[in-house]
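Read through the structure below, which is laid out as structure tokens, and then see the notes.
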Amino acid sequence: MSELNTTDLDTVRDAVAALKAIDSQMRALTETKTSLQNDIKEAMGAAEVGKLDGHTVVTWKYTKKPERFNVTAFRRDYPALAEQYTELNDAPRPFKVLG
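This note's numbering numbers the first residue of the sequence shown as 32 and each following residue consecutively.
Structure, rendered in structure tokens:
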């Protein structure tokens with residue numbers, strides 16, 4: 032495996048540290064948000080609309096089940112067509128802050 036193209040980030044050390052702190056805060060906020068949503072859902076039970084002081088503040092409705100195209104089965108059953116209509120795009124470049 033070839034060595035990855037690397038660079039030193041000493042000039043943005045504070046930005047990396049701040050980003051790590053924000054990621055940690057966001058995880059904590061997401062956990063709190065999920066917990067609060069679950070409390071509200073439990074209080075709503077089967078209701079689809081929640082009100083405070085006569086005003087709708089929450090909706091929790093069923094949506095239409097999404098339809099999905101089974102690519103694996105299509106490729107298996109129609110390999111020539113699948114190849115004909117398959118386009119290659121640039122690979123994504125995910126940004127990850129480690130540790």
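Think of the CB as a built atom: it goes at the ideal place given N, C-alpha and C, for glycine as much as any other residue.
Whole-angstrom distance between residue j and residue i, CA atom to CA atom
i    : j    : result
P127 : G85  : For clarity, residue 127 is Lys in the given sequence; the question names Pro instead. Between K127 and G85, the C-alpha separation is close to 45 Å.
M57  : A46  : 16 Å
A52  : T38  : 22 Å
L67  : T117 : 43 Å
Under 7 Å between C-beta atoms of residue i and residue j
i    : j    : result
E79  : W91  : yes
A113 : F105 : yes
Start-to-end residues for the alpha helix (DSSP H) that takes in residue i
i    : result
L112 : P110 to Q115
* In chain order, each beta strand (DSSP E) run of at least 3 residues that lies wholly inside the segment 48-88 -> Those beta strand (DSSP E) runs which fall completely within the segment 48-88 and span 3+ residues are 80-83.
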